[in-house]
Amino acid sequence: MRIATWNVNSIKQRLEHLAQLVKSTDLDVLCLQELKCVDEAFPRSEIEALGYHVTTLGQKAYNGVAILSKRPLEDVRRGLPGDEADEQARYLEGVISTGSGVVRVASIYLPNGNPIGTPKFDYKLAWMDRLIRHANNLLPLEEPLVLCGDYNVIPEAKDAADPAAWVNDALFQLESRAKFRTLLNLGFTDALRACNDQPGLYTFWDYQAGAFQRNNGIRIDHLLLSGQATDRLRNAVIRKETRSWEKPSDHVPVMIDLDLD
DNA sequence: ATGGCGGTGGAGCACCGA
C-alpha cells in the first residue's frame, strides 16, 4: 500500500498536478491539506473519475483537509478532539480495510503559528497538545496508524537549508520542536527519517527569491507511523520533481510504501 | 530588506501562508 501526503495550496489550482501525480504513481491513499474551499466547491467528481473515494473537511478560503482513497474510508472522524469551539478545518481521520488488515490514516494541517508571541502561536501549541492527546488515545487500538500532513514544524537544524533564518519563526521554535518530539516519543516513527538520514531533504520551498532553484527549503511535511505501521514500512520518498512543474504548490508530496495489500 | 510570491475574497487591497 502506497500512502502520500501533500499540501496542495488550493485544490482548485492544483487539480491538473494531482491528476498528473496519481496517473504516474499508483497511490492507494492521498492525504491533502490547504484545500482552500468549502466541501460543496471541492472538485469531487473530477477526483472520483481518477478512481478515488473522496472524504473532505473544507473551509472557506483557508485550511481544509481531505483523504482520497481507492478503497472506501470508514470510521471517519472530522476535526481534532479537545476543543469544541475550534472551527478550523485541520484534521480528518479514517480507516481503510485491506486484504491484510486495516490501516488508520489522518490528514493533518497543523497551524502555522506565526508570528510568535501572539495568540496564533498559542493556538499552534494548544493544537499540538490536543494532537498529542488524541494520538495517545489511538495507540491502544494497536493498528497500523499513519498521521500525515503539513506539521509546520522543522524537527531539526538539518531539516532546513538555512536554519539560522528560522530561529525566530514559529516553525523552528524550541517549543514547537519539543511538542513534535513528544509526539514521536509516544512511539511514532518519522517515516522519511527512518529511510534516509541525509541532510538536504526538503518538502517546502518559498515562492520568493528563487528558493527552489537555490534549494533553500525546509522539511515540514511528515508521515508519523505507529509501531504496527513502522513494522510494515518499506520505503519513504519526497516527490521533489513536482515543485518544478508549472504553477506548483509550494509543498511537494511525501509518500511511503507499507507492506499491506 | 518581515519583502521578494501566490491564493482567496471580491472587486481595493487586506489577510494568510512559512
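First residue of the first sequence: 308, per my numbering; consecutive thereafter.
Cβ coordinates follow ideal geometry from the N, Cα and C atoms, glycine included.
These figures come from a predicted structure and were not determined experimentally.
| Item | Value |
| --- | --- |
| At the level of alpha carbons, what is the spacing between ARG309 and LEU328? | 13 Å |
| Would you say GLY406 and ASP568 are within 8 Å of each other, going by their C-beta atoms? | yes |
| For PHE487, which residues of its own chain have a beta-carbon under 8 Å away from its beta-carbon, when the five flanking residues on both sides are left out? | MET435, TYR458, VAL460, PRO462 |
| Could you tell me the distance, in whole angstroms, from the CA atom of ARG484 to the CA atom of ARG351? | 35 Å |
| Are the CB atoms of CYS455 and THR312 within a distance shorter than 8 Å? | yes |
| Where do the ends of the beta strand (DSSP E) carrying LEU417 lie? | Taken as a continuous stretch (DSSP letters only), LEU417 belongs to no beta strand (DSSP E), as it is neither H nor E. |
| What residue does the beta strand (DSSP E) around LEU339 start on, and which one ends it? | 336-340 |
| With a threshold of 6 Å on Cβ separation, who are the neighbours of ALA543 within its own chain once the five nearest residues in sequence on each side are excluded? | ALA498, LEU499, CYS502, ILE563 |
| Considering only DSSP beta bridges, list what ASP457 is partnered with. | TYR416, ASP528 |
| Between which two residues does the alpha helix (DSSP H) containing HIS441 stretch? | 426-445 |
| Do GLY365 and GLY371 come within 8 Å of each other at the CB atom, strictly closer than that value? | yes |
| Looking at ASN523: is its Cβ nearer than 8 Å to the Cβ of ALA477? | no |
| Look at SER404 and ARG378 and say whether their C-beta atoms are less than 8 Å apart. | yes |
| Can you find the residues in the same chain that come closer than 8 Å, C-beta to C-beta, to LEU446, ignoring five residues on each side of it along the sequence? | LEU452, LEU493, GLY494, SER533 |
| Return the first residue and the last residue of the alpha helix (DSSP H) that HIS324 is part of. | 322-331 |
| Could you name the residues that DSSP lists as bridge partners for ALA467? | ILE525 |
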